[in-house]
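Visitor: Residue numbering for the sequence shown follows our numbering, starting at 1352 and increasing by one per position. Quick reminder that beta carbons are idealized off the backbone N, C-alpha and C, glycines included. I have a structure here, written as structure tokens, and I will follow up with some questions on it.
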Amino acid sequence: MPATTSKESGSRGSMDIKEYFARISYRGSYDKPDLATLTDIFQHHIRAVPFENLNIHCGERIVLDLEVTFNKIVRKNRGGWCMENNNLLSWVLKTLGYDVTLLGAKVFVPEYDAYADEIDHLLLKVVLDNKSYIVDGGFGMACQMWQPMELVSGRDQPQTPGIFRFLEDNGVWYLEKMRRKQCTPDGTVPTSHELETEGRRRIYHFTLQPQDIEEFRARNNHLQTAPKSLFVLKSLCSLQTTDGIRSLVGWKFTEMKYNYKDNMDLVEIKILADDEIEKTLKEKFNITLDKKLVPVNRSRLSVV
């Protein structure tokens, strides 16, 4: 039976794994660290814990500290971005006896048709039965994987959100996703540039160089303060559901149902009024904020 509390510093002794399981509504077994259990816990996490950066747009900081993250996500029913979600998942999996390594990635930026200059994404490598898997519970939106992905190059790995695959080149691993067509409730195909287009999407690239959480501290601060940072320009909240995703970007609320028909995703978009934001966060994401959210949705390219 794995320990139920952290074995790290005494200040983290109150981080009870059973409290985390209650937060994600996980009631399965966890005695044996195997792929089935890992997948089950992972899916409960991404369907309970939103990917969000709302602190930034409530005048608060995102603090890269495990105990702070545990309190925020587990006890206050909030979400977080990659450095919060995956740092918490790392603690959970290590507590349960999994072999976990932190890795750093550079995210692809469609507006610039290029990958980030510096590491700006935290993900996990988990080794099980001499096989390596990538576990990433902190990407959000429509590129969020729903299952751990075996670290093999060139193999399509179909999941409900779409077909993912890794490609390896001289020690650099690239994650890609094949996107499906989309339609609206009336059956028309959207033409808005804001919607996904069919085809291959680059997500990020990474190496297998182990990282320490301290190495992300400067980037964690940069991403919430730099004027051109996506997270400064947009207030984001997304949550995976049993058959798709829902997201709130600025005032735009989107619900997507994967593979609705004929290899096509169903997309519904609603622009909210200011007085609908708080209610939508509560009803659709189970989030209640301590401070008032100021929604933002600006383009990087419009910022000089």
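(1) Which same chain residues, not among the five before or five after N1637, have their C-beta less than 7 Å away from its C-beta?
(2) Quick one: is K1643 buried, meaning 16 or more other Cβ sit within 10 Å of its Cβ, or exposed?
(3) Just grab the DSSP bridge partners of I1485 for me.
(4) Going by DSSP, which residues form a beta bridge with V1458?
(5) Measuring straight from C-alpha to C-alpha, what distance separates I1424 and E1634?
(6) Just to confirm, are L1628 and L1599 a CB contact at a threshold of 9 Å?
(7) Sorted by chain position, which residues of the same chain lie with C-beta nearer than 7 Å to M1519's C-beta, five sequence neighbours on each side aside?
(8) Just to confirm the assignment, what range does the beta strand (DSSP E) spanning R1426 have?
(9) Which one or two residues does DSSP pair with N1406 in a beta bridge?
(10) Once the 5 residues before and after I1413 are set aside, which same chain residues still bring their CB inside 6 Å of it?
(11) If you pair each beta-carbon of the stretch 1475-1490 with each one of the stretch 1379-1386, do three or more pairs fall below 8 Å?
(12) List the residues that DSSP assigns as beta-bridge partners of R1597.
(13) Check whether the Cβ atoms of C1588 and P1401 lie closer than 9 Å to each other.
(14) Could you compute how far the alpha carbon of R1649 sits from the alpha carbon of K1585?
(15) Closer than 7 Å by C-beta to M1615: which residues in its own chain qualify, once you throw out the five before and the five after it? Chain order, please.
(16) Within the continuous alpha helix (DSSP H) that includes R1516, where are the two ends?
(17) Would you decide whether A1456 is buried or exposed? Buried here means 16 or more other CB atoms lie within 10 Å of its CB.
(18) Quick one: using the 10 Å Cβ neighbour count with 16 as the cut-off for buried, is T1420 buried or exposed?
(19) Are the CB atoms of W1602 and D1625 nearer to each other than 9 Å?
(20) For A1465, which three-state DSSP category applies?
(21) Going by alpha carbons, who is nearest to M1496 out of Y1466, L1623, D1594?
(22) Is N1637 helix, strand or coil by DSSP?
(23) The beta strand (DSSP E) spanning L1644 covers which residue range?
(24) Can you give me the Cβ contacts of P1536 inside the same chain, cut-off strictly under 8 Å, excluding the 5 residues immediately before and after it?
(25) Can you give me the C-alpha to C-alpha distance between L1546 and P1512, rounded to a whole angstrom?
(26) Rounded C-beta distance between R1568 and L1415? I'm assuming under 8 Å.
(27) Among Y1555, Q1560, F1604, which has the Cα closest to the Cα of C1494?
(28) Can the beta-carbon of N1437 be found closer than 9 Å to that of G1488?
(29) Just how far apart, CA to CA, sit F1604 and L1640?
(30) What is the residue span of the beta strand (DSSP E) that Q1562 lies within?
(31) Evaluate Y1371 with the Cβ neighbour count: other Cβ atoms within 10 Å of its Cβ, from every protein chain shown; 16 or more gives buried, anything less gives exposed.
Guide: Let's see:
(1) N1428
(2) For K1643, the number of other beta carbons within 10 angstroms of its own is below 16, and it is reported as exposed.
(3) K1476, M1500
(4) Y1555
(5) 17 Å
(6) Looking at the sequence itself, residue 1628 is Ile, so the reference to Leu does not match. Inclusion of I1628 and L1599 in the CB contact set at 9 Å is warranted, their separation being smaller than that value.
(7) A small correction: the amino acid at residue 1519 is Glu; Met does not occupy that position in the sequence shown. Excluding sequence neighbours, E1519 sits near S1504.
(8) R1426 -> no beta strand (DSSP E), and no H or E assigned at all.
(9) Beta-bridge pairing links N1406 to no other residue.
(10) N1406, Q1575
(11) yes
(12) L1590, E1606
(13) yes
(14) 6 Å
(15) R1531, K1532, Q1533, C1534
(16) Where R1516 is concerned, there is no enclosing alpha helix (DSSP H), although the beta strand (DSSP E) it sits in stretches over 1513-1520.
(17) buried
(18) Flag for T1420 reads buried.
(19) yes
(20) strand
(21) D1594
(22) If DSSP states are grouped into helix, strand and coil, N1637 belongs with coil.
(23) Element bounds for L1644: n/a, residue is neither H nor E.
(24) Here the set comprises L1617, E1619.
(25) Below a pLDDT of 50, predicted positions are generally treated as unreliable, and L1546, at 49, falls in that range; no measurement from the model is reported.
(26) 5 Å
(27) C1494 has its Cα closest to that of Y1555, out of Y1555, Q1560, F1604.
(28) Cβ distance < 9 Å, so N1437 and G1488 count as in contact.
(29) In a straight line, the C-alpha of F1604 is about 17 Å away from that of L1640.
(30) For Q1562, no beta strand (DSSP E) run applies, since DSSP gives it neither H nor E.
(31) buried
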